[in-house]
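S.K.: For the record, the sequence lines run as chains A and B. Our numbering puts the first residue of the first sequence at 69, with every later residue one more than the last. Our numbering puts the first residue of the second sequence at 758, with every later residue one more than the last. Even for Gly, the Cβ is constructed at its ideal location relative to N, Cα and C. Bear in mind the structure is a predicted one, so any value in this text is a computation, not a measurement.
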Amino acid sequence: MSKSNKSHRLINLFLTFLKIGILTFGGGYAMIPIIEKEVVEKQKWIDQSEMFDILSISQSTPGPVSVNTATFVGYRLAGFWGSFFATLGLVTPSFFIILLISFFYQTFLSWEIVSATFLGIRAGVVILLIDATIRLKKMMKLTPLTIAMFLITFLTISASFFFNLDLSIGSFKISLSIILIIVGIIIGLVATSLTKGEQKQ
Amino acid sequence: MIFFELFYVFFLIGLFTFGGGYGMIAMVSEQVVTRGWISDTVLSDFVAVSQSTPGPFAINIATFVGSQTAGVFGAICATLGVIMPSFIIILIVAAIMNKFLHNRYVKGALIGVRPVIVGLIFATAMSFLFKLVFQASSTGNLYVPTATYRQSLTIFIMLLGIYIGYRKVKKKSPNPVALLGISALLGLIVFWIL
Numbered sequence: 069m070s071k072s073n074k075s076h077r078l079i080n081l082f083l084t085f086l087k088i089g090i091l092t093f094g095g096g097y098a099m100i101p102i103i104e105k106e107v108v109e110k111q112k113w114i115d116q117s118e119m120f121d122i123l124s125i126s127q128s129t130p131g132p133v134s135v136n137t138a139t140f141v142g143y144r145l146a147g148f149w150g151s152f153f154a155t156l157g158l159v160t161p162s163f164f165i166i167l168l169i170s171f172f173y174q175t176f177l178s179w180e181i182v183s184a185t186f187l188g189i190r191a192g193v194v195i196l197l198i199d200a201t202i203r204l205k206k207m208m209k210l211t212p213l214t215i216a217m218f219l220i221t222f223l224t225i226s227a228s229f230f231f232n233l234d235l236s237i238g239s240f241k242i243s244l245s246i247i248l249i250i251v252g253i254i255i256g257l258v259a260t261s262l263t264k265g266e267q268k269q
Numbered sequence: 758m759i760f761f762e763l764f765y766v767f768f769l770i771g772l773f774t775f776g777g778g779y780g781m782i783a784m785v786s787e788q789v790v791t792r793g794w795i796s797d798t799v800l801s802d803f804v805a806v807s808q809s810t811p812g813p814f815a816i817n818i819a820t821f822v823g824s825q826t827a828g829v830f831g832a833i834c835a836t837l838g839v840i841m842p843s844f845i846i847i848l849i850v851a852a853i854m855n856k857f858l859h860n861r862y863v864k865g866a867l868i869g870v871r872p873v874i875v876g877l878i879f880a881t882a883m884s885f886l887f888k889l890v891f892q893a894s895s896t897g898n899l900y901v902p903t904a905t906y907r908q909s910l911t912i913f914i915m916l917l918g919i920y921i922g923y924r925k926v927k928k929k930s931p932n933p934v935a936l937l938g939i940s941a942l943l944g945l946i947v948f949w950i951l
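1. According to the Cβ coordinates, are V847 of chain B and T139 of chain A closer than 7 Å?
2. Would you say Y923 of chain B faces chain A, with C-beta separation under 7 Å as the test?
3. Use the C-beta contact count for N932 of chain B: other C-beta atoms within 10 angstroms, 16 or more gives buried, fewer gives exposed.
4. What number of angstroms, rounded off, separates the C-alpha of F760 of chain B from the C-alpha of F230 of chain A?
5. Can you tell which of A:L167, A:F82 and A:G192 has the C-alpha that lies nearest to the C-alpha of G918 of chain B?
6. Examine the Cβ distances between the segment 857–871 of chain B and the segment 145–159 of chain A and report whether three or more of them are shorter than 8 Å.
7. Return the residues of the segment 124–139 of chain A that lie within a Cβ-Cβ distance of less than 8 Å from chain B, sorted by chain order.
8. V159 of chain A touches chain D at which residues, Cβ-Cβ below 7 Å?
9. Can A893 of chain B be considered in contact with the ligand NAD, in the sense that its beta carbon sits closer than 6 Å to one or more heavy atoms?
10. Taking only the alpha-carbon atoms, compute the straight-line gap between V135 of chain A and L899 of chain B and give it to the nearest angstrom.
11. According to DSSP, simplified to helix, strand and coil, what is Y900 of chain B?
12. From S236 of chain A to G812 of chain B, what does the alpha carbon distance come to, in whole angstroms?
13. Which residues in chain A have a C-beta closer than 8 Å to the C-beta of M784 of chain B? List them in chain order.
14. So, does the CB of A935 of chain B fall closer than 7 Å to a CB anywhere in chain A?
15. So, under 8 Å CB-CB, L204 of chain A and V839 of chain B are touching, yes? Tell me the CB distance rounded to an integer number of Å.
16. Going by C-alpha to C-alpha distance, which of A:V141, A:I169 and A:A146 sits closest to L158 of chain A?
17. Which residues share a DSSP beta bridge with S236 of chain A?
18. Answer with buried or exposed for M99 of chain A, where buried requires no fewer than 16 other C-beta atoms within 10 angstroms of its C-beta.
19. Determine the contact status of L257 of chain A and G865 of chain B, defining contact as a CB-CB distance below 7 Å.
20. Check the Cβ-Cβ distances between I878 of chain B and every residue of chain A, and say whether any is below 7 Å.
21. Secondary structure at F891 of chain B, three-state DSSP: helix, strand or coil?
22. If you measure from the beta carbon of F176 of chain A to each beta carbon in chain B, is any gap under 7 Å?
23. Does D199 of chain A get closer than 7 Å to chain B when you measure Cβ to Cβ?
24. To the nearest angstrom, report how far apart S162 of chain A and L262 of chain A are at their CA atoms.
25. Is the beta carbon of A880 of chain B less than 7 Å from the beta carbon of S226 of chain A?
26. Since S909 of chain B and L187 of chain A should fall inside the 8 Å C-beta cutoff, what is the C-beta to C-beta distance between them, to a whole number of angstroms?
27. How many angstroms separate the CA atom of V873 of chain B from the CA atom of S72 of chain A?
28. Using 10 angstroms around the beta-carbon of S801 of chain B, count the other beta-carbons present and answer buried if the total reaches 16, otherwise exposed.
29. For the segment 803–819 of chain B against the segment 111–118 of chain A, do three or more pairs of beta-carbon atoms, one drawn from each stretch, fall closer than 8 Å, so that the two count as touching?
30. Quick check: the Cα distance between I165 of chain A and E104 of chain A, rounded to an integer number of angstroms?
31. Just verifying my parser: in three-state terms, what is the DSSP assignment at P811 of chain B?
32. Among the residues of its own chain, which have a CB less than 7 Å from the CB of I795 of chain B, if the five just before and after it don't count?
33. For W179 of chain A, does the three-state DSSP call read helix, strand or coil?
34. Should I255 of chain A be labelled buried (16 or more other beta-carbon atoms within 10 Å of its own) or exposed?
35. Determine the closest residue to Q111 of chain A out of A:L83, A:G89, A:D121 and A:S128, with distance taken between C-alpha atoms.
36. If we count the other Cβ atoms within 10 Å of its Cβ and call it buried at 16 or more, is V749 of chain B buried or exposed?
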């Protein structure tokens, strides 16, 4: 690939993911169909089956799915700098819009009409979270072990919210969520190695 | 130093975010609210703001907390922090793509982490619901009803009815932006009537 060709590709990656960053509301999974349409159908950068692999990996690695996908697609097309410009493009619209909002946030909330609106919206957010729980529960295999892990997480985190637990050693704050996630990973790994043992017998 | 702390806290949050962004709210609450960077109410409001603006929740919340805590440079540090784990991990994984995807231990770890994420999200939902109705009293650790608990409960029950009805009829989740629009409208109506 010639030099001008490569920089042309980097600019194109940046602009495509900039567009994706502007167009996707709600983030996360809402972004996937739009990324697919741009990257597979319009730009024809990668084919459908490779896109499917990339999306599976983006969902199985830590971090926001859309950032993972942008980094991955960028890497496949133009290596490290491809990753860099794709991710930069994706993040730029969010960054400036939220920065603008954060400057005027306090002023907005002091208006009575806005505070009335937020009275309703706060209840709406609870419904959104309940809905997310129901949707994700479908992807979870219901076994005594997973139900127990769900309940332990729910009760521990609820208790820490309720009692305003602040677990810290000096300036280091212990995160119960992170501990629980690590426990989940370990249980998953142990369960996998146990089933492997059974298959061998 | 605040800039380094913002970077570090959001790096940690980025590293332990799996699947969607809602699972990270509990973590943001633990790390950010207890540091006094933003309040629980602001966090709950911001979930709605983030739903109604473009971009992933993780980026939005990092930019917002960074900016509220330490201005534009704070926003840059927090946003870089939340992206960095993704960036590094994906660069490594991209090099060994196929082996990684079909590794049964990777799949096993993911299956193990799922109930924890669901538990985190449900706990967040219940704590946000609790905080619609109760607030910590100024004396000690007791909770007292909020000034707007009647309005909040009325709206919540109406929305729950609409939500259950929608799921029964359409057999799918409602569009989040439409749901928040209805919530805002109910907020306005109930606020002026009750």
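M.R.: Quick answer:
1. The residue given as residue 847 of chain B occupies position 90 in the second sequence. The residue given as residue 139 of chain A occupies position 71 in the first sequence. In the sequence as displayed, the identity of residue 847 of chain B is Ile instead of Val. Yes. Within cutoff.
2. For the purposes of this step, residue 923 of chain B is identified with residue 166 of the second sequence, where counting begins at 1. Y923 of chain B is outside the set of residues whose beta carbon lies under 7 Å from a beta carbon in chain A.
3. By 1-based counting over the second sequence, the position of residue 932 of chain B is 175. It is exposed - the Cβ of N932 of chain B has fewer than 16 other Cβ atoms within 10 Å.
4. Counting from 1 along the second sequence, the entry for residue 760 of chain B is found at position 3. Counting from 1 along the first sequence, the entry for residue 230 of chain A is found at position 162. If I take the Cα positions, the gap works out to 30 Å.
5. Taking the first residue of the second sequence as 1, we reach residue 918 of chain B at position 161. Checking every option, the nearest Cα to that of G918 of chain B belongs to A:G192.
6. These segments do not touch.
7. Hits within the stretch, in order: S124, I125, S126, Q127, S128, T129, P130, G131, P132, V133, S134, V135, N136 and T139.
8. The chain labelled as chain D is not found among the protein chains of the depicted structure, namely A and B.
9. The ligand NAD is not part of the structure shown, which contains no ligands of any sort.
10. Here the question's residue 135 of chain A lines up with position 67 in the first sequence. Here the question's residue 899 of chain B lines up with position 142 in the second sequence. Their Cα atoms are separated by approximately 41 Å.
11. Counted from its first residue, the second sequence places residue 900 of chain B at position 143. If DSSP states are grouped into helix, strand and coil, Y900 of chain B belongs with the strands.
12. Taking the first residue of the first sequence as position 1, residue 236 of chain A is located at position 168. Taking the first residue of the second sequence as position 1, residue 812 of chain B is located at position 55. Rounded to the nearest whole angstrom, the CA to CA distance from S236 of chain A to G812 of chain B is 32 Å.
13. Along the second sequence, one-based indexing puts residue 784 of chain B at 27. Going along chain A in sequence order, the residues near M784 of chain B (Cβ under 8 Å) are S243, S245 and I246.
14. Position 178 of the second sequence, counting from 1, holds the residue named residue 935 of chain B. Output row for A935 of chain B: interface = no.
15. Within the first sequence, the letter at position 136 stands for residue 204 of chain A. Within the second sequence, the letter at position 82 stands for residue 839 of chain B. Between V839 of chain B and L204 of chain A the Cβ distance is about 21 Å, and since that is not below 8 Å, they are no contact.
16. Looking up residue 158 of chain A in the first sequence gives position 90. For the residues A:V141, A:I169 and A:A146, the minimum Cα distance to L158 of chain A belongs to A:V141.
17. Taking the first residue of the first sequence as position 1, residue 236 of chain A is located at position 168. Answer by DSSP bridge pairing, in chain order: A:K241.
18. Position 31 of the first sequence, counting from 1, holds the residue named residue 99 of chain A. Per the 10 Å Cβ criterion, buried.
19. Along the first sequence, read from residue 1 onward, the residue named residue 257 of chain A stands at position 189. Along the second sequence, read from residue 1 onward, the residue named residue 865 of chain B stands at position 108. Yes, the pair counts as a contact, with Cβ atoms nearer than the cut-off.
20. Position 121 of the second sequence, counted from the first residue, corresponds to residue 878 of chain B. Interface residue, yes.
21. Taking the first residue of the second sequence as position 1, residue 891 of chain B is located at position 134. It is a strand residue.
22. Looking up residue 176 of chain A in the first sequence gives position 108. Cβ-Cβ to chain B under 7 Å: no for F176 of chain A.
23. Residue numbering aside, residue 199 of chain A sits at position 131 when the first sequence is read from its first letter. Yes, contact with chain B.
24. For this step, residue 162 of chain A is matched to residue 94 along the first sequence. For this step, residue 262 of chain A is matched to residue 194 along the first sequence. Taking C-alpha positions only, S162 of chain A is separated from L262 of chain A by approximately 44 Å.
25. Counted from its first residue, the second sequence places residue 880 of chain B at position 123. Counted from its first residue, the first sequence places residue 226 of chain A at position 158. Cβ atoms of A880 of chain B and S226 of chain A: closer than 7 Å.
26. By 1-based counting over the second sequence, the position of residue 909 of chain B is 152. By 1-based counting over the first sequence, the position of residue 187 of chain A is 119. Right, their Cβ atoms sit about 6 Å apart.
27. On the second sequence, position 116 is the one that residue 873 of chain B refers to. On the first sequence, position 4 is the one that residue 72 of chain A refers to. In this structure, the alpha-carbon of V873 of chain B lies about 48 Å from that of S72 of chain A.
28. In the second sequence, residue 801 of chain B corresponds to position 44, counting from 1. Counting Cβ neighbours within 10 Å, S801 of chain B comes out buried, since at least 16 surround it.
29. No, they do not touch.
30. Within the first sequence, the letter at position 97 stands for residue 165 of chain A. Within the first sequence, the letter at position 36 stands for residue 104 of chain A. Their Cα atoms are separated by approximately 24 Å.
31. Residue numbering aside, residue 811 of chain B sits at position 54 when the second sequence is read from its first letter. In this structure, P811 of chain B counts as strand in the three-state DSSP scheme.
32. If you number the second sequence from 1, residue 795 of chain B lands on position 38. Once the five neighbours on either side are set aside, the close Cβ partners of I795 of chain B are V789, V822 and Q825.
33. On the first sequence, position 111 is the one that residue 179 of chain A refers to. DSSP, reduced to helix, strand and coil, places W179 of chain A outside both helices and strands of the structure shown, so it counts as coil.
34. Against the first sequence, residue 255 of chain A aligns to sequence position 187. I255 of chain A should be labelled buried.
35. Against the first sequence, residue 111 of chain A aligns to sequence position 43. Closest by alpha carbon: A:L83.
36. Past the edges of chain B, shown from 758 to 951, lies residue 749 of chain B, and the structure says nothing about it.
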